[in-house]
Structures are given as C-alpha cells and as structure tokens.
Amino acid sequence: MGNKQLSVVLFVFLCHELAFSSSTLPQLCNKDQSISLLKFKQTLTVDPYNASSSCGYLGQNPYPKTSTWNMSRDCCLWDGVICDEFTGHVIELDLSCSSLVGIIDSNSSLFQLSHLQRFNLSWNNFYPSEISPLFGRFSHLTHLDLSYSGFTGQIPSEISHLSKLQSLYLSSNWRLNLGPHNFKFLLQNLTQLRELVLYEVNIASTIPPNISPHITTLILFNTGLYGALPESIFHLPNLQVLNLALNYQLSGYFPKTKWNSSASLRVLCLTNVNFSGDFIVESFGCLTSLQSLHLYSCNLSGPIPEYLWNLTRIEYMDLGYNDLGGSIPMFISGLQNLKHLSLSSNNLNGELPSWIYTRPSLTHLSLSFNHFSGQLEDFKSNSLVGIALDGNRLQGHLPMSIQNLVNLTRLDLSSNNFSGNVDVSFFSNFKQLFYLGLSHNSILLTNDNNVKSTLPESLIYLSLSGCEVNELDFLRSAKNLGYLDLSNNNIEGTIPDWAWSNWMHSLNYLNLSHNMLTSIDHFPSFFQLYTLDLRSNFLQGSLPILPSSLSTFLISNNSLSGEIPSFFCNLTLLRVLDLARNNLTGAISQCLGNMSDKLEVLDMQQNFLSGNLQTTFRVGSRLTSFNLHGNKLEGKIPKTLANCKELEVLDLGNNHLNDTFPMWLGTLPKLRVLSLRSNKLHGPIRASRTKNLFPQLQILDLSCNAFTAELPINLFHHFKAMMRTNQTKMAPRVGYYEDSVVVVTKGLELDVVRILSLYTTIDLSSNKFEGHIPSLLGDLIALRVLNLSRNRLQGDIPSSLGNLSLVETLDLKYNQLSGEIPKQLASLTSLAILNLSHNHLQGCIPQGPQFHTFENNSYEGNDGLHGFPISEGCGSGRIPETNNTTRVLDEESTSEFLNDFWKAALMGYGSGLVIGLSIAYIMLSARNPNWLSWIVEELEHKIAMRRRKKKRGQRRHRRRNNGV
C-alpha cells in the first residue's frame with residue numbers, strides 16, 4: 001500500500017474515532033434550563049439565620065448552594081444540579097439545607113424542568129407557600145422531598161399522578177394536610193412506592209389495606225389517623241421501618257401468626273396507639289432483625305413476653321407507661337446489643353436483675369415509677385450514661401461503684417427509700433452530669449469537707465427536696481442550673497448574692513418552699529425565672545420585686561405584710577399568682593383584671609385585703625381559679641366575672657360583700673366551685689329564665705348569709721353535675737398549684753385541697769330560708785354533704801333524701817321540721833354525720849347499720865322522738881347481749897377478730913369514717929352481729945389516738961423547724 005493510500009485509511013480511521021468520541025462526551029446544559037434555574041434563584045433569598053437552622057439534626061451545616069450559580073459555568077456543574085450525560089437535561093436537583101427563603105407558586109420556573117427524577121427542597125423556609133398542583137407534571141419523578149420547608153395548605157391530589165414515585169417525604173411542614181380521600185388515592189396509585197414519610201402531616205383518615213407491597217419505610221407519625229389498624233400492615237413483605245406513633249385514635253391488635261415482615265423489620269414505633277389487652281404475643285419472637293421497639297403508652301397489660309428478652313439485635317426498647325406486670329428475668333439469652341431500655345410507669349416488681357449492672361452495651365436505663373425493691377448492686381460496667389430509677393421502693397445506701405460511671409449525664413433516684421449520708425463530693429467526678437435527682441428519700445446530704453466547688457458545672461437539673469440541706473455553698477460551682485428544687489429542707493436566713501449572680505442567666509425554675517427563709521431581698525432585673533416557689537417559709541416584710549419573666553409565683557403561708565405593689569401589673573407573662581395566707585393589706589389593684597388574658601390562677605385567700613372589689617375582668621379572660629376567701633372585702637361581686645368563661649373555682653367566702661345572689665354566674669360553663677359563705681348577701685334567690693345554669697357545679701356554699709324566702713328549687717333543677725355519680729376528675733392545675741377551698745364537713749371547717757373532683761356539697765346553713773325542703777334534692781345523688789341547718793324550714797323531711805347513697809353529712813338541725821324521720825334514711829350506708837337536733841320531729845328513730853352509730857346529740861331537742869339511742873322501745877333498742885360467746889371471746893379469737901375489723905374499717909378512713917365502718921360491718925356482722933356498738937366505741941378510741949399521735953408529730957416537726 002502506497003503512502004497516499006495509507007493516508008486515506010488513517011484519515012478515515014481518525015474521522016471515525018472523532019465521531020465516536022464526540023458522541024460519548026457529556027452534553028452541555030440546555031440554555032433554557034440554565035435560565036429557568038437562575039429565575040428560580042432570583043425569586044428567593046439566602047438567610048442562614050431564618051432557614052435551615054435545624055440541619056444539624058441531619059449532621060449537615062446549612063450551605064447556600066444557589067449562591068454559586070451563574071452563566072459563566074455550565075449549569076450541570078452547579079452545586080445541587082445533576083444532568084443526564086446523554087441529553088443534558090437536569091434530572092436531579094438537591095437544594096436541601098440551602099438557607100433558602102421565599103415563595104414557590106405555580107408561576108415558578110422550576111416547573112419547566114420537566115425531566116426531573118429526584119427533587120429535594122427539604123430544610124428551607126418557603127412559608128406560606130402551598131404545594132403546587134404542577135408538581136404532578138414531573139412524570140419522571142422517582143424521589144420527592146419537601147420536608148421541613150414551611151409548606152402549608154392541602155397536598156394536591158396531582159401528587160398521586162406521579163406513578164414512578166418511589167420515595168415521598170413531606171414531613172413537618174406548616175399545617176400541611178392530606179384529605180382522607182386523597183390518602184386513599186395516594187396509596188392506590190403510587191404502586192412503586194418504597195418510602196412514604198408524612199411525619200406530622202394532618203391526614204385524619206383510616207389506613208386503607210391496599211399499601212404497596214414494595215414499601216420499606218412507612219412513617220405516619222402524629223397524622224391524626226383513626227379507626228382500626230389493618231393487620232395486613234404487619235404482613236408487608238419488605239417492610240423495614242413502621243412508625244405510626246402519636247395517633248391517639250388508632251387501635252389494633254398484633255398478629256398472632258408470624259409476620260411476613262419479620263425477617264426485614266428493623267424499627268417498630270407504635271407509641272400511643274391503643275393495643276389494649278395482654279401483651280403475650282408469640283409472633284414477637286419472629287422479629288429477629290428488630291433493632292428499635294417503641295410501644296410507649298399502648299395500653300398493654302400482662303407480663304412482658306419472654307420472646308422479647310431473647311431478641312439479639314435489638315438496641316432500643318421502650319415499653320413505658322403501660323400496665324405491664326411481673327418482674328424482669330434474672331437471666332436472659334438475648335439483648336446483647338441493647339443500648340436503651342425504658343420500662344417506666346408500669347407495675348413491674350421484684351429486684352433489679354444482675355445483668356443490668358454488667359451489660360457493656362447498655363447506655364440508658366429507665367425503670368421509673370414501678371415497684372422495684374431491694375438494694376442497688378455494684379455496677380460492673382461503666383457504659384451507663386443515663387439512669388432513671390425514681391418512683392420505686394429501692395433502699396439501702398448508694399453503691400460507691402456509681403462513681404465509676406464517669407460518662408453519666410442523668411441520674412434520678414428520687415422517691416425511693418434510699419438512706420444514709422451522701423457527701424456532695426460523691427458527684428464531683430461526673431463532668432458531663434446535667435440531671436441529678438435525689439429528692440424524697442431518707443438521704444442526708446452532707447458537705448463534711450466544706451468544699452465550695454464540688455458539683456459539676458455541667459448540672460442543669462438538680463432536685464434535692466427533703467435531703468436535709470441547710471446551706472448552699474456546695475452549689476457555687478453549678479453555674480448553669482436551669483431547674484433547682486431545694487424544697488423541704490432546713491435552709492435559713494436569705495439567699496446569698498453569689499447565687500443570684502451565678503444563676504441569673506440560666507435559672508428558669510426555683511423551688512425553695514418549706515424551708516426557714518426569713519427574707520428575699522431582690523432579684524436581678526434580667527433574671528429569666530419562669531417558676532418561683534417560696535411557700536411555707538418564715539418570710540417577713542413586703543413582697544419582693546420580681547423578674548418580669550415569671551409565669552408562676554407561689555409565696556403563700558408566710559408572714560409578708562404591706563400592700564400588693566403596683567409592679568405586679570408589669571408581670572405580663574404571669575399565669576399563676578399565689579399570695580395566700582399572709583398578712584397583706586390594702587385594696588386589690590384594678591390592673592389584675594387586665595392581666596386575666598394570661599392569668600389563670602389568682603389566690604389571695606386568708607389575708608387582710610380590704611375595700612371594694614372593683615376589678616374588671618376582660619372578655620377572653622383565661623382565669624380558671626379565683627380565691628379571695630378570708631379577707632375584709634366589701635361592696636358587690638363584680639359582674640365582669642361573667643367574662644371569665646374558663647372559671648372553675650370561685651371562692652369569695654368570709655368577707656363583707658353586700659349583694660344579692662349572683663345568678664349571672666350560672667352562665668359560666670365550667671364553674672365547679674362557688675363559695676360565697678360568711679358575707680352579707682341577702683334577699684331571695686329568684687328564678688331565672690336562663691337555661692343550663694351552673695351545668696358543672698359540684699360545690700355550692702352560701703352559708704352564714706341572710707338569704708330569705710323558700711329554698712331555690714329553681715336553682716337545684718339546673719345542677720346536672722350533682723345528678724351524676726361518675727364525676728370526671730378536674731384537669732391538673734397549672735404547674736403544680738393545687739386548688740384549696742374551705743368547706744364544712746362532718747362538723748369541721750376544713751381546707752380541702754385537690755379533692756374537688758370527689759366532693760359534692762350544698763351548704764345553705766345559717767340563713768333565713770323558709771318553707772319546705774324540696775323533694776328534688778333527692779335527685780342530686782352525687783351529694784356528699786347536705787347542710788340546711790339553722791334556717792326556718794318547716795314540714796316533713798322528704799323521703800327522697802334516702803336516694804343520696806353517697807352522702808356522708810346530713811345536717812338539718814335548728815329548723816322547724818316536723819313529722820317522722822323517713823325510714824329510707826336508714827339505707828344510707830355512707831352517712832357518717834347525722835344531725836336532726838332542735839326540730840319538732842316525732843315517732844320512732846329508724847334502725848340500721850349507720851343509725852346504730854349516732855349518739856343522742858343527733859336527735860336532742862325533738863321531744864317527740866323515741867327509740868335507740870335516746871330511749872327504749874320501738875321494737876329495736878340497743879342490741880341485747882345473749883350469751884358468753886357474744887360477749888366474751890378468748891384472747892386469740894378476739895385479737896383475730898379485731899385485726900380483721902380494723903383493717904376493714906380503716907380501709908375507708910381516708911374517704912370517710914363511715915365508708916370504713918360500712919366495709920367492716922359487711923365483712924364482720926355475720927360473724928359477730930352483737931358486737932357493733934362496742935366496736936364503734938373502740939373505733940372512735942382508735943381514731944382519737946391516731947389523731948393525737950399525728951398532732952404530736954406535727955408539734956415535734958414545728959419545734960425542729962423553729963430550732964427548739
């Protein structure tokens with residue numbers, strides 16, 4: 001071949017190679033796509049302080065990827081952009097954690113990128129953008145992530161048109177919702193779906209059974225799901241992660257047969273889903289790949305299945321807040337990789353198993369609020385980081401081996417029976433400890449070396465209630481405290497200045513109640529306290545100037561004096577204000593009414609406040625409890641209280657108020673307690689045309705006033721809550737404040753604390769009511785106290801009062817009642833106090849278990865009455881003694897009998913003496929029916945001795961607190 005022919009061949013070969021090479025080079029980004037991306041960039045701003053602040057949860061730092069975009073480079077080389085190598089089309093766009101802020105609507109140039117396959121806008125801030133229906137045009141899309149980006153509104157149905165979608169993440173946006181029909185269509189149409197993550201999206205639907213069999217991750221956390229959980233969800237063959245937590249209206253059953261997903265399931269989180277019933281399910285033993293199990297508050301009962309203790313790969317197990325019983329096995333074959341074990345708030349008992357102290361993988365142990373007993377053993381493994389054993393029955397000294405857990409961050413041993421001296425230096429080596437709870441034990445905290453820097457600086461939460469603390473120097477090094485509970489100790493004098501300077505920037509909660517403090521001089525003006533509890537000290541002088549951040553302020557049971565200063569009006573965040581039982585004087589400031597849009601509890605009872613009650617409460621008031629009992633207030637009851645629609649407790653008793661009955665208070669829908677006793681209220685209680693007055697009222701006390709005319713039958717007709725015995729308990733008070741109301745029960749004036757849900761009372765005593773006792777009172781079957789004494793009532797006692805099966809006190813003394821005592825009253829087995837004295841009653845006294853316990857003073861002043869206990873006759877009288885076996889028993893049988901009786905009787909002592917007597921009577925009357933009257937005398941003697949013993953203990957406690 002000649003040179004000319006060779007040149008031609010080489011030329012052809014080179015042309016071919018050049019053509020082949022050019023066909024394999026990456027295509028440049030289309031200009032129209034570059035323009036679309038730059039237009040999108042121009043509609044947004046980059047603000048690293050506003051958006052993507054939580055990217056740290058992903059292990060990423062916010063990075064503004066769009067800031068490098070410009071036309072000097074091919075768009076396929078831009079940050080977050082990936083193109084198809086052959087076509088040059090943009091197929092992936094990842095702008096997660098890019099600090100983007102702005103609006104994305106249907107005019108966005110984004111929707112011109114029609115070839116997108118993967119699209120990620122998560123962890124930005126596009127609020128209040130809605131998800132555009134144009135997302136449905138991305139027909140090639142396989143992965144879409146719009147999580148944590150501030151989208152709002154309804155998810156468009158067009159999302160279900162993305163038939164190639166394998167991964168859909170829409171979590172934690174701003175009130176994003178998916179209609180129930182859309183959810184069904186979404187699951188029907190997205191047949192290729194592998195991952196569906198709708199964390200905190202409002203779905204509000206049932207779960208349809210037709211879920212893609214390809215699904216590997218299903219996270220529907222806190223989405224408003226309800227109804228029955230289909231069992232088919234446990235049989236999805238490829239399921240690895242199932243999270244349906246915090247769907248409170250969702251219920252279901254675990255499959256009893258082997259789960260199809262058992263070989264692949266790694267994470268099972270069903271917290272707060274209702275799986276009522278026993279937890280013994282053998283199929284759990286098949287979950288051999290399970291690594292994380294969350295069944296917190298699932299209403300489970302019975303013992304923990306033994307199969308769970310044999311799982312080998314599990315790392316996280318939370319079965320807390322159920323009703324699980326039994327004990328933890330002492331020896332187990334599984335859990336070799338267990339890191340976190342939480343079984344708190346169950347009914348588990350027995351001793352802690354030894355493997356808990358030795359397992360090298362275990363880092364977090366939470367067994368709070370069970371019934372574990374015994375002593376703590378030595379910790380052989382130093383891996384533990386968090387220990388929560390509070391609320392059990394553990395005892396003995398704290399093992400020294402705890403000091404070896406140098407990585408400990410949380411240690412809570414509160415509310416047990418631990419004892420002995422614990423020096424503060426015990427905790428000096430825990431450099432990472434932020435939570436320490438030792439309250440409510442028999443521990444004596446000492447500082448024998450008088451060291452001033454012993455507690456770690458890392459401490460944030462410290463609870464030492466009842467640890468015999470008498471000085472604060474050991475806290476000098478704890479400069480980051482946010483929560484400090486030193487209540488029920490022996491701290492005297494005042495708080496040192498170094499404490500305020502140490503904690504002024506960190507402390508949010510401070511409880512120094514039940515100590516011996518004498519003064520609180522001041523708080524730094526920039527203190528960030530939210531809760532301050534100074535109750536039951538020896539504080540004197542005027543009220544301290546408080547930080548404006550306070551939400552809860554409790555300073556009752558002290559000796560403070562002077563007027564309530566005007567700076568309280570500047571506490572605009574205050575929700576609970578408790579100034580009760582001090583020596584405060586002066587008028588109540590008008591501004592307290594202006595605070596009622598935040599203020600929920602206002603308690604100033606048992607002071608010396610005076611003047612007219614002129615406070616004006618605004619519409620929208622959030623006040624739930626208003627207590628001014630035991631002051632010197634005058635004038636009328638402010639009608640603006642009708643604006644307080646959240647009010648549950650109103651106690652204005654023991655003042656000098658001069659008004660008629662405030663029927664307009666009946667419009668308050670949540671009012672449970674109304675006490676106006678011991679004022680100058682007068683006149684008749686007239687009928688009202690308003691419907692549904694006082695629908696929730698449980699305590700009505702109008703005693704010691706000057707009301708006239710007949711008893712207000714028109715008012716009783718409205719008391720629907722007193723006609724039901726299944727009373728629901730009142731909601732917990734704000735923080736840990738507890739309502740207290742003065743009531744008269746069983747002949748005593750008592751300050752009743754947090755018993756409002758159990759007590760139902762009508763006290764109209766010491767007025768000028770006339771006429772008959774209405775039979776309608778017998779319909780108020782929830783009544784526990786009915787006091788109509790010291791009025792001018794006439795006629796018969798209605799037999800319908802025999803329907804009051806729960807009544808403990810029935811007081812009708814000092815009236816003009818006539819006729820016989822209704823025999824129906826003999827059936828009232830809860831009746832502890834009966835006083836019918838000083839009337840015109842006649843005939844026989846009914847006989848029955850309770851009536852045998854009442855003495856002469858229950859009936860004195862009724863000349864026409866006869867029968868036991870005031871006289872013989874009426875065919876019953878005192879139970880006769882028949883023979884020696886009913887009068888005298890041998891010593892052994894007597895002891896056995898009395899032990900049974902006292903156990904039975906005292907079972908009911910906390911809820912009423914007669915409840916205990918009733919239990920005892922039912923249990924023992926069949927054995928010794930003739931001992932009842934003697935037993936009553938003995939029981940009264942026992943109760944009296946118990947009370948005297950309690951009073952002696954209280955006196956010793958006061959002497960100790962006073963340094964005597």
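Residue numbers in the sequence shown follow the UniProt record's numbering, run continuously in steps of one, and reach 964 at the last position.
The beta carbon of each residue, even a glycine, is placed where N, CA and C say it ideally should be.
With fewer than 16 other Cβ atoms inside 10 Å of its own Cβ, LYS639 counts as exposed.
By the Cβ-count criterion, ASN857 is exposed, with fewer than 16 other Cβ atoms from all chains shown falling within 10 Å of its own Cβ.
For GLU351, the CB contacts under 6 Å within the same chain, skipping 5 residues up- and downstream, are GLY374 in chain order.
Within the region 774-832, the runs of beta strand (DSSP E) that reach at least 3 residues and sit entirely inside it are, in chain order, 785-787, 792-795, 809-811 and 816-819.
Distance from the Cα of ARG476 is smallest, within the candidate group SER428, THR761, ALA587 and ILE35, for SER428. Judged by beta-carbon spacing, THR191 lies within the 9 Å limit of SER163, meaning their Cβ atoms are closer than that value. In this structure, DSSP gives PRO303 an extended state, which the three-state scheme calls strand. Under a 10 Å Cβ-count criterion, PRO303 is classified as exposed, with fewer than 16 other Cβ atoms of the shown protein chains found around its own Cβ. According to the DSSP assignment, LYS632 belongs to the beta strand (DSSP E) that extends over 632-635.
Out of LEU671, TYR226 and LEU577, the CA that lies nearest to the CA of LEU599 is found in LEU577. Put simply, of GLN154, GLY437 and CYS29 the residue whose alpha carbon is nearest the alpha carbon of LEU198 is GLN154. Here the C-alpha atom of LEU338 lies approximately 23 Å from the C-alpha atom of PRO399. Note on geometry: alpha-carbon atoms of SER108 and TYR127 lie some 15 Å from one another. Residue environment for GLY493: exposed (fewer than 16 other C-beta atoms within 10 angstroms of its C-beta). For ASN177 and TYR316, the gap between their C-alpha atoms comes out near 31 Å. In this structure, ASN791 lies near PHE769, with their beta-carbon atoms less than 9 Å apart.
With a 10 Å radius around the Cβ and a threshold of 16 neighbouring Cβ atoms, GLN432 comes out exposed. DSSP places PRO133 within a helical segment (H, G or I) once states are collapsed to three. According to DSSP, LEU408 shares a beta bridge with no other residue. Annotation note: the region 151-193 contains the following uninterrupted alpha helix (DSSP H) runs of length 4 or greater, listed N- to C-terminal: 180-189. In this structure, DSSP gives GLY420 an extended state, which the three-state scheme calls strand. Around ALA642, the same chain offers TRP664, LEU665, THR667 and LEU668 as residues with beta carbons nearer than 8 Å, after the five sequence neighbours per side are excluded.
Taking 9 Å as the cut-off, the beta carbon of LEU825 is found closer than this to the beta carbon of LEU810. If you draw a straight line from the Cα of VAL406 to the Cα of ASP412, it is about 15 Å long. Here TYR253 is exposed. Its C-beta has fewer than 16 other C-beta atoms within 10 Å. Between LEU250 and the set CYS298, ILE821, GLU282 and GLN698, the nearest pair of CA atoms involves CYS298.
Take GLN188, set aside five residues on each side of it, and the residues of its chain with a beta-carbon closer than 7 Å to its own are ASN210, in chain order. Per DSSP, reduced to three states, the secondary structure at ASP497 is helical. The distance from the Cβ of ASN490 to that of VAL469 is about 7 Å, consistent with a contact at the 8 Å cut-off. Here DSSP, grouped into helix, strand and coil, assigns GLY586 to strand.
Under the 10 Å beta carbon count, MET604 is surrounded by 16 or more other beta carbons and is classified as buried. SER342 counts as buried, since at least 16 other C-beta atoms from the protein chains shown sit within 10 angstroms of its C-beta. As a beta-bridge residue in DSSP terms, ALA706 pairs with HIS682.
When the Cα atoms are used, LEU362 and THR761 turn out to be separated by approximately 54 Å. Counting every other CB atom within 10 Å of its CB across the protein chains shown gives HIS522 a total below 16, marking it as exposed. CA-to-CA, the gap between ASN582 and SER556 works out to about 6 Å.
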